[in-house]
Amino acid sequence: MTRNDSTDDGTDRDRLTRRRLLYSGAVSSLVFTAGCGGGSDSGTDDGSDGGGDGDGGSDGDGGSDGDGSSDGDGGSDGDGGMGTDTDGGMDGDATTLSVASWGGETEQEIVTGILDEYDSSNDSVRIEYQNTPFGEYSQTLQTQFAGDEEPDVFYLIADDAPTFMRNGALLALDDYVRGDDAFNLDDILDNLLEPFTYEGTIYGIPKDFTPVGLMYDTAHLDQAGAPDPETWSDMRTALEMVKSETDVEYPMAVGSQPRNTLMQLVWQNGGDVLNEDGTEAVIGSQEAIEALEFLNGLVEDDLAGIYEQDIEATWAAPALGEGTTTMAMTGAWVISTLEGDYSEVYDALEVGMPVPEGGEEATVVFTTSWSASANTDAPDAAAGLVKALTNEEGMWDWASTGTALPSRQSLLERDFYDDRPLLDGLGDLGSVGRPLVFGPKTPTILDSIMTEAEAVLTGDKDPATALEDAQRQINQEL
Amino acid sequence: MSTFDGGIGSRVVGAVGSARSRLAALADRPTTENNLVGYLLVLPNVVVFSLFLLGPIAYAFVLSFQEWNLFLGTGEPAWTEVFGVRLPVANYLDTLMPLPWENDWGSIRSPSYNLWWFAVRNTVAYTAVVVPVQIVGGFLVALALDTRIRGKKVFRAAYFMPVMLSAAASGVIWRWVMAKNGVLNELLRPLGLAYPWASSPDTALAALMLIGLWGGIGFNMILYLAGLQNIPEELYEAARIDGADGWQRVRHVTWPNLRNTHFFVTVLAIIGTFQVFGIALAFAEGGPARATTTIVVLIYETAFVESSFGRAASMAFLLFAVVFVFSYYRYRIQQQQEVEY
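Read top to bottom, the protein sequences are chains B and Z. All the letters of the first sequence, read from the start, carry residue numbers 44 to 521 under our numbering. All the letters of the second sequence, read from the start, carry residue numbers 546 to 886 under our numbering.
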């Protein structure tokens, strides 16, 4: 084999080396520049759809998101966290506030509309808006805090609030909202304010909420001659009758990780996740086990099917809308889709929440606040914006779109809800709603319970062993 | 042709010219000075590598000994007592305890005791199946496609196609294929073999292995095809003259002559399977019931779902230790097999 002799020639090699040096410099610069440029594009349009636990949570256009880990319409969140300036210009003396939220196209439009209005009616404040897909929102916000780049005012989901509050990340709002008669803090539902209160200080004002209710198709029940599901046994009877009298294969739909379905059953049956002072897990109690046994019994008897496995739909709106199922535990986030895409079924739907005989009324409630950063350069302006977004007028601007329920009692009582039975029915459940918040370890605690529940619903474990295992894991974390 | 016409242009040309002559002078000097030019050449890479890879790795190592507070951007040493000595290794101990054999091997049987060991179990099982089958499969496909068969290029492209797909896309495609109402079950239902392959904890890991094989065989095939081109034809000729049949030629000529390829393929496959992440996350998000939670999926969840960055960093370094030990011993074995001709 002949070798290229030029590489052995000293002079020639030197010339090549110099040329290569120049080439290398140029190529390195190009690669480095390309790398920097390319980096900014990555990960902005992911819109991942989760899908794993598909218990109906879709943040599509909803307000308070139903389910942190399932993001039905995620793909539509095209903006992907890049800043969208609602006002190109900058006035000399104006304070610029950065504002962040998640939300699909409709929610984004509504939020930017409200912010635009605030911006144009306040000479002293300019607003820059960032939208981040729901699935990435929490992580993005925490990373922004780590880099001192957090927005001044932002959505904060109740699950995340304990961690933020305990770490001093949020602006205390007491001085701004307490004693302000026009703001009327007392009008806000106590159970919704609670997740955003730490050691007596308020760190966020709930912008809206949605309780989880059992939505059921009365047309299916009528066809089967089944009773309305007011108690657990009514519900099981109704499911059995629908299964035997109609061609609905799975009359109820649940997620394999039943975030929207399990906890209210546990509470209704007298169980809980932690003891009263939050120091010990009690999810392995007999009451909790019975609740999971009830749910698992429905799955084992094919009265309830699992999203994406037994039922093709990934969340409640298409499952109910297409008539695949009769009942699902879900929240207000499904209403706009049902109303828009499945109007016939929408008219036949009712909402309630069955309880066991002798049990207590309870359900899961999802809520999100407008909060401000403790490090904001303009605390007065930031708190002013939070108030403007959550006072009676600001909250109604958002709630009157019908995508979520207002967290003010006076707004819930408006005539607006008389023509909207599903929203009205969910609103009635607001007072018995409990947030899925269990202190700073909330994500780990929920993950333990839901993973164990999934093992039960997929036939891998019995309910007692699963919840005892969950209890042990949670106690280890605590 | 000169595009510069005095002014700044001529100064730039002058500066470049003088820089070139200085570099030329450096390059003309032997040994030490030549090294300097070498260092200059690699400098941009070293800078970028240090800034974006070595720096974060070192930082993560420090993090693994700390209880990190993301909001404050500060960490406290994660102290714990080990045999009466106070050491900042709480993250490592929390990850490793209870040990796998405690609770009657509970951590290996179920994710309810210690998720780290359960994730190790899943990853080792995945590696134990995927690595050998990927290697043997890649080798056999390469052998088949190294012969004169019709449509060879089409087959090569087809086998390599999965490598070009992103892990996330592969995971999602296979999730659909293996869903309870997916394509696979539509084919199996008439035979009475329909099963929720992806959503049953009993079969989800096996389904993940299948995706790993589907994606890995094509990659190994390319490496083996390249290796096959380097085996001199004379060796086969000599083997034929000695009366070796087809199998004997493969066994005694092809296989030993691919020693370097075997080493490369094995090390890459082990590293790749220990670090399996994208397909596991996209396929089933580590579920159902943790059946596909591999080590890297667990690290991701610990860091970005639970915000326990110190703990996640400790897991990452434990994984690094495992991969390093495997790679090192594979290298030692390779060295021992080295034959001087």
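Note that beta-carbon positions come from the ideal geometry of N, C-alpha and C, so glycine has one too. Since the structure is predicted, the reported quantities are computational estimates derived from the model, not experimental observations.
N-terminal and C-terminal residue of the beta strand (DSSP E) that residue i is part of
i, result
"Ile248 (chain B)", "248 to 254"
"Thr369 (chain B)", "Careful: Thr369 (chain B) lies outside any beta strand (DSSP E) and carries neither H nor E."
"Trp145 (chain B)", "Element bounds for Trp145 (chain B): n/a, residue is neither H nor E."
"Trp413 (chain B)", "406 to 415"
"Pro656 (chain Z)", "Run containing Pro656 (chain Z): none; DSSP gives neither H nor E here."
"Leu392 (chain B)", "392 to 395"
"Asn614 (chain Z)", "611 to 614"
"Val627 (chain Z)", "625 to 627"
Beta-carbon separation (whole angstroms), residue i vs residue j, contact threshold 8 Å
i, j, result
"Leu232 (chain B)", "Ser414 (chain B)", "In fact, because the Cβ distance is near 17 Å, the residues do not count as touching under 8 Å."
"Ile488 (chain B)", "Val316 (chain B)", "6 Å"
"Thr155 (chain B)", "His263 (chain B)", "In fact, because the Cβ distance is near 40 Å, the residues do not count as touching under 8 Å."
"Val867 (chain Z)", "Met754 (chain Z)", "The pair is not a contact, with the Cβ atoms about 19 Å apart (cut-off 8 Å)."
"Ala417 (chain B)", "Asp195 (chain B)", "Rounded, the Cβ-Cβ distance is 11 Å, inconsistent with contact."
"Phe809 (chain Z)", "Ile767 (chain Z)", "So it is not a contact: roughly 12 Å between Cβ atoms."
"Ala334 (chain B)", "Val297 (chain B)", "That pair is no contact at about 13 Å."
"Ala513 (chain B)", "Ser491 (chain B)", "5 Å"
DSSP three-state assignment for residue i, whether helix, strand or coil
i, result
"Glu851 (chain Z)", "coil"
"Tyr198 (chain B)", "strand"
"Asp260 (chain B)", "strand"
"Val868 (chain Z)", "helix"
"Thr501 (chain B)", "coil"
"Gly18 (chain B)", "Lying before the first or after the last residue shown, residue 18 (chain B) is absent from chain B, which here runs from 44 to 521."
"Pro478 (chain B)", "strand"
"Glu152 (chain B)", "helix"
"Val316 (chain B)", "coil"
"Ala347 (chain B)", "strand"
"Leu813 (chain Z)", "helix"
"Tyr241 (chain B)", "strand"
"Met295 (chain B)", "strand"
"Gly121 (chain B)", "Unreliable placement is indicated for Gly121 (chain B), whose pLDDT of 33 sits below 50; the coordinate value is still reported in the next sentence. It is coil, neither helix nor strand."
Distance between residue j and residue i (C-alpha atoms, nearest Å)
i, j, result
"Trp358 (chain B)", "Gly243 (chain B)", "38 Å"
"Trp836 (chain Z)", "Leu500 (chain B)", "Before going further, note that residue 836 (chain Z) is Ala rather than Trp in the sequence given. Going by the C-alpha atoms only, they are around 14 Å apart."
"Arg463 (chain B)", "Trp376 (chain B)", "14 Å"
"Val491 (chain Z)", "Leu660 (chain Z)", "Examination of residue 491 (chain Z) is not possible in this model, given that chain Z is present from 546 through 886 alone."
"Thr280 (chain B)", "Met295 (chain B)", "12 Å"
"Tyr876 (chain Z)", "Leu803 (chain Z)", "15 Å"
"Gln311 (chain B)", "Val325 (chain B)", "15 Å"
"Met258 (chain B)", "Gly696 (chain Z)", "57 Å"
"Asn434 (chain B)", "Phe226 (chain B)", "6 Å"
"Thr668 (chain Z)", "Glu343 (chain B)", "31 Å"
"Pro622 (chain Z)", "Val850 (chain Z)", "22 Å"
"Gln519 (chain B)", "Val821 (chain Z)", "28 Å"
"Val812 (chain Z)", "Ala670 (chain Z)", "17 Å"
"Ala783 (chain Z)", "Gln881 (chain Z)", "26 Å"
"Met396 (chain B)", "Glu511 (chain B)", "27 Å"
"Met372 (chain B)", "Phe207 (chain B)", "29 Å"
"Ile378 (chain B)", "Met709 (chain Z)", "41 Å"
"Ser181 (chain B)", "Pro486 (chain B)", "12 Å"
"Leu758 (chain Z)", "Phe628 (chain Z)", "45 Å"
"Ile815 (chain Z)", "Gln185 (chain B)", "34 Å"
"Ala201 (chain B)", "Ser745 (chain Z)", "32 Å"
"Gly445 (chain B)", "Thr253 (chain B)", "11 Å"
Range covered by the alpha helix (DSSP H) that runs through residue i
i, result
"Ile767 (chain Z)", "749 to 774"
"Leu510 (chain B)", "506 to 520"
"Arg535 (chain B)", "A query on residue 535 (chain B) cannot be resolved here, the shown segment of chain B reaching from 44 to 521 and no further."
"Ala712 (chain Z)", "712 to 722"
"Arg631 (chain Z)", "Premise fails: Arg631 (chain Z) lies in the beta strand (DSSP E), 630 to 632, not in any alpha helix (DSSP H)."
"Asn14 (chain B)", "There is no way to answer for residue 14 (chain B), as the model of chain B reaches only from 44 to 521."
"Glu435 (chain B)", "435 to 442"
"Pro589 (chain Z)", "577 to 594"
"Glu288 (chain B)", "275 to 288"
Residue of the options minimising C-alpha distance to residue i
i, options, result
"Asn636 (chain Z)", "Z:Phe865, Z:Met860, Z:Trp742", "Z:Met860"
"Phe819 (chain Z)", "Z:Phe705, Z:Gly788, Z:Arg666", "Z:Arg666"
"Phe828 (chain Z)", "Z:Ser652, Z:Leu638, Z:Pro777, Z:Ala712", "Z:Ala712"
"Ser655 (chain Z)", "B:Glu520, B:Leu521, B:Gln516", "B:Gln516"
"Ser144 (chain B)", "B:Gly402, B:Tyr293, B:Glu171", "B:Glu171"
"Val717 (chain Z)", "Z:Ala605, Z:Phe854, Z:Ile824", "Z:Ile824"
"Asp162 (chain B)", "B:Thr175, B:Gln187, B:Thr138", "B:Thr138"
heavy atom of the ligand PLP below 7 Å from residue i C-beta
i, result
"Leu454 (chain B)", "In the structure shown, the ligand PLP is absent, as is every other ligand, since no ligand is present at all."
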